[in-house]
Amino acid sequence: MALKPWQKGTVIRIEQETADTRRFWIQAEGNAFDFEPGQFITFDLPIHERPNKRMRSYSIASWPDGTNVFELIIVLDKAGLGTNYLFNEVIPGTELTFRGPMGVFTLKMPVEKDLFLVCTGTGIAPFRSMVQHIREKKIETGNIYMVFGCRTKADLLYYDELTKLEKEMPQFHYLPTLSRERWEGPTGYVHQVYSRYCEKKQPAQFYLCGWKGMIDEARKTLLELGYGTHDIHVEIYG
Ligand SMILES: Cc1cc2nc3c(=O)[nH]c(=O)nc-3n(C[C@H](O)[C@H](O)[C@H](O)COP(=O)(O)OP(=O)(O)OC[C@H]3O[C@@H](n4cnc5c(N)ncnc54)[C@H](O)[C@@H]3O)c2cc1C
9 MALKPWQKGT VIRIEQETAD TRRFWIQAEG NAFDFEPGQF ITFDLPIHER PNKRMRSYSI
69 ASWPDGTNVF ELIIVLDKAG LGTNYLFNEV IPGTELTFRG PMGVFTLKMP VEKDLFLVCT
129 GTGIAPFRSM VQHIREKKIE TGNIYMVFGC RTKADLLYYD ELTKLEKEMP QFHYLPTLSR
189 ERWEGPTGYV HQVYSRYCEK KQPAQFYLCG WKGMIDEARK TLLELGYGTH DIHVEIYG
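In the working numbering, each number is its position in the sequence shown, counted from 1, plus 8.
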């Protein structure tokens with residue numbers, strides 16, 4: 009697939025979501041910025057003299073709505089060059105260079121089987137996009153299990169929105185899972201949670217997104233449960 013050309017986008021809004029995570033809204037040039045839920049964009053950030061050291065990719069957290077504005081959700085890596093730039097230098101009005109949309113981590117239609125969306129931290133971005141798109145387009149699906157792992161309640165992302173969505177979409181099961189705090193919801197690691205919902209080994213598609221450790225462990229768990237590699241789709245953040 010040919011690489012998309014670089015283009016300009018203006019940051020039009022920034023919101024703090026948790027202590028170390030922010031939502032960024034970007035307005036692309038032109039009338040509409042079209043993409044498929046699950047795709048990402050790549051920034052060319054002014055953080056290094058060598059172009060290949062300046063690129064940082066981010067999944068699109070919003071869903072296609074016909075406008076030229078899209079949302080990203082980004083966690084600060086205190087030792088990271090790109091996120092320090094985005095958190096400390098970028099303000100509403102800043103113009104950034106990016107290309108996209110790119111990527112094949114998208115829903116494979118028709119979505120008849122159960123869908124497991126397994127993520128930690130900002131790995132939730134493509135899944136929020138997919139589920140909101142399914143709601144908006146009234147796409148028929150099997151059960152959708154969104155298993156989102158983080159440490160404490162204070163780290164939950166899009167919690168109110170997804171809790172509300174669960175009430176609106178009977179097939180959507182939102183399973184936020186805390187690894188370091190007891191609460192009314194599931195605790196432990198994401199692997200224990202999705203394993204419980206696919207014990208019967210029903211036909212299912214698994215989408216895994218986030219950092220390599222979680223994805224390697226999930227892939228191993230799912231293969232042990234008897235699912236095949238063709239049932240598993242991954243987006244690795246690093
Ligand atoms: C397809 C895709 C989608 C993604 N989507 C998202 C998203 O939606 N949200 C999100 O938050 N992230 C996302 N990421 C991750 C994102 O691209 C960045 O990797 C992340 O933001 C960290 O970037 P950074 O520039 O701050 O860190 P970097 O500067 O790249 O550093 C990363 C880490 O490496 C270490 N490091 C750097 N240089 C050295 C060195 N010389 N020696 C030793 N250690 C070093 C640093 O300590 C740091 O902890 C995505 C990644 C991919 C590939």
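Virtual Cβ for every residue (Gly too), placed ideally from N, Cα, C.
Could you check where the beta strand (DSSP E) with residue i kicks off and where it finishes?
{"i": "Arg21", "result": "Gln15 to Thr26"}
{"i": "Ser203", "result": "Counting along the chain, Ser203 falls outside any beta strand (DSSP E), though it belongs to the alpha helix (DSSP H) covering Val198 to Tyr205."}
{"i": "Gly157", "result": "Ile152 to Cys158"}
{"i": "Val126", "result": "Asp122 to Thr128"}
{"i": "Glu192", "result": "Looking at the DSSP string, Glu192 is not in any beta strand (DSSP E), and its letter there is neither H nor E."}
{"i": "Leu80", "result": "Val77 to Val83"}
{"i": "Ala36", "result": "Thr29 to Ala36"}
{"i": "Ile49", "result": "Phe48 to Asp52"}
Mind checking which residues open and close the alpha helix (DSSP H) that includes residue i?
{"i": "Pro134", "result": "Ala133 to Glu144"}
{"i": "Leu233", "result": "Lys220 to Leu233"}
{"i": "Leu170", "result": "Tyr167 to Glu176"}
{"i": "Leu94", "result": "Leu89 to Asn96"}
Helix, strand or coil: how does DSSP classify residue i here?
{"i": "Pro109", "result": "strand"}
{"i": "Phe180", "result": "strand"}
{"i": "Ala69", "result": "coil"}
{"i": "His241", "result": "strand"}
{"i": "Asp42", "result": "coil"}
{"i": "Ala162", "result": "helix"}
Just confirm the distance between the C-beta atoms of residue i and residue j, as a whole number of angstroms; I'd bet it's less than 8 Å.
{"i": "Ile82", "j": "Thr130", "result": "6 Å"}
{"i": "Ile68", "j": "Phe48", "result": "6 Å"}
{"i": "Gln15", "j": "Arg107", "result": "7 Å"}
{"i": "Phe43", "j": "Pro109", "result": "4 Å"}
{"i": "Leu104", "j": "Val19", "result": "6 Å"}
{"i": "Leu125", "j": "Tyr93", "result": "The pair is not a contact, with the Cβ atoms about 30 Å apart (cut-off 8 Å)."}
{"i": "Arg2", "j": "Met177", "result": "Residue numbering for the chain in the displayed model covers 9 to 246; residue 2 lies beyond these limits and cannot be assessed."}
{"i": "Leu165", "j": "Ile132", "result": "5 Å"}
Candidates the options: which alpha carbon is nearest residue i's?
{"i": "Phe135", "options": "Glu79, Thr102 and Tyr93", "result": "Glu79"}
{"i": "Thr50", "options": "Arg58, Phe41 and Tyr66", "result": "Tyr66"}
{"i": "Ile152", "options": "Leu94, Met138 and Leu164", "result": "Met138"}
{"i": "Ser203", "options": "Leu123, Glu37, Glu25 and Ile99", "result": "Leu123"}
{"i": "Thr229", "options": "Arg64, Phe214 and Thr29", "result": "Phe214"}
{"i": "Pro211", "options": "Lys121, Asn96, Pro194 and Lys175", "result": "Lys121"}
{"i": "Glu27", "options": "Asp239, Thr160 and Lys12", "result": "Correcting the residue identity first, residue 27 is Ala in this sequence and not Glu. Of the listed residues, the one whose Cα sits closest to Ala27 is Thr160."}
In chain order, what are the residues with a CB under 5 Å from some non-hydrogen atom of ligand 1? Close to ligand 1, as judged by a C-beta nearer than 5 Å to any of its heavy atoms, are the residues Phe48, Arg64, Ser65, Tyr66, Ser67, Ile82, Val83, Asp85, Ala87, Gly88, Leu89, Gly90, Thr91, Thr130, Ala133, Tyr245 and Gly246, in chain order.
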